[in-house]
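Reading through the structure tokens given below for one structure.
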Amino acid sequence: MDLNLVSQRALVGGGTQGIGRAVAEELALAGATVTLLARNEASLQQTAAELPTPNGQTHDYIIADFSTPDVLAQQLSRYLAAHPEGFHILVNNTGGPAGGPIIEASVDAFRAAFEQHVVCNHLLAQAVVPSMQARGYGRIVNVISTSVKQPLPNLGVSNTIRGAVGNWAKTLANELAINGITVNNVLPGATVTQRHTSLIEKKAEQTGQSIEQIEAGMRKQIPTGRFAESKEVAAAVVFLASPAAGYINGINVPVDGGRTGNL
274 MDLNLVSQRA
284 LVGGGTQGIG
294 RAVAEELALA
304 GATVTLLARN
314 EASLQQTAAE
324 LPTPNGQTHD
334 YIIADFSTPD
344 VLAQQLSRYL
354 AAHPEGFHIL
364 VNNTGGPAGG
374 PIIEASVDAF
384 RAAFEQHVVC
394 NHLLAQAVVP
404 SMQARGYGRI
414 VNVISTSVKQ
424 PLPNLGVSNT
434 IRGAVGNWAK
444 TLANELAING
454 ITVNNVLPGA
464 TVTQRHTSLI
474 EKKAEQTGQS
484 IEQIEAGMRK
494 QIPTGRFAES
504 KEVAAAVVFL
514 ASPAAGYING
524 INVPVDGGRT
534 GNL
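The sequence shown begins at 274 in the numbering used here and counts up by one.
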């Protein structure tokens, strides 16, 4: 099985923490040269310096905030002007919208989430696809959520926007496959990240339950009886980003321990 990413360049969104960082680390271990994309320069510098370099790679980063798509587009343009070779792999990943009932969500919350997820993913794809097309090879992997397949309670805005990203990705997959470019989605379930912790803490505050009680209730819904580690989600991303996954296109891959209640 060809999982070798030596000489390949990967752009990873949200690459300084959580699932994004785990993806960056696993891609680097597989041989890819990684460019991190996030808003905090100090975190970017530290993470880039700490990524594995089994083949002497030199990892770097782009400073950009997904809340300002126009600035993101400018930063991408500058970077690609200096690195015209572009990327072989794009991993779209960013933090999810705040939780809450959908009826209580403001219109501005939907607008902001749409820009941060759909618009920014689209800008990233538009930036990297030309070099992929010229090469006749590319991998785009979107880290979304199992809510693409089954909406999650108390995540109204997230459920809505995640579904939009899923349909955007499927459309893109159909359009780009002829160019040797695959587009797939990885759907994490309950994964130990800062967002996971903050959602649990918020629910505890709202319900008066302890964090331990809420976690126990969540684990009961998962056939494996535990939460995922970020590295386990990253493993699915790296496989889909590899040459071995060349005939896998336009699909959703839940990494959720079996929690999602449909196929």
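Using N, Cα and C, we set each Cβ at its ideal position, and we do this for glycine too.
Would you grab the beta carbon distance between residue i and residue j for me? Rounded to a whole angstrom, and I think it's under 8 angstroms.
i      : j      : result
Arg532 : Gln494 : 6 angstroms
Ile454 : Ile413 : 7 angstroms
Ala283 : Val307 : 5 angstroms
Gly530 : Pro496 : 6 angstroms
Leu396 : Leu349 : 7 angstroms
Val421 : Gly411 : Between Gly411 and Val421 the Cβ distance is about 22 angstroms, and since that is not below 8 angstroms, they are no contact.
Ile292 : Ser503 : 5 angstroms
Val528 : Glu505 : 6 angstroms
Glu299 : Ala507 : 4 angstroms
Arg294 : Thr320 : 6 angstroms
Gly523 : Ala446 : 3 angstroms
Can residue i and residue j be called in contact, C-beta distance under 8 angstroms?
i      : j      : result
Ala301 : Gly288 : no
Ala509 : Val438 : no
Gly373 : Gly329 : no
Pro370 : Ala355 : no
Ser483 : Leu276 : no
Ala303 : Val511 : yes
Asn457 : Ile362 : no
Thr367 : Cys393 : yes
Phe360 : Ser431 : no
Asn440 : Asn365 : no
Gln389 : Phe339 : yes
Val465 : Ile434 : no
Gln423 : Gly286 : no
Leu278 : Ala305 : yes
Which word fits residue i, buried or exposed, when buried means at least 16 other C-beta atoms lie within 10 angstroms of its C-beta?
i      : result
Glu474 : exposed
Ala400 : buried
Glu478 : exposed
Gln486 : exposed
Pro426 : exposed
Pro461 : buried
Leu536 : exposed
Distance, Cα to Cα, residue i vs residue j?
i      : j      : result
Ile335 : Leu353 : 11 angstroms
Arg408 : Ser379 : 43 angstroms
Asp343 : Phe500 : 36 angstroms
Thr480 : Pro327 : 48 angstroms
Arg351 : Met491 : 44 angstroms
Met274 : Asp381 : 46 angstroms
Gly498 : Leu449 : 38 angstroms
Ala463 : Ile417 : 12 angstroms
What is the residue span of the beta strand (DSSP E) that residue i lies within?
i      : result
Val416 : 411-416
Asn525 : 525-528
Asn458 : 454-461
What are the boundary residues of the alpha helix (DSSP H) that includes residue i?
i      : result
Tyr352 : 342-355
Asn447 : 429-449
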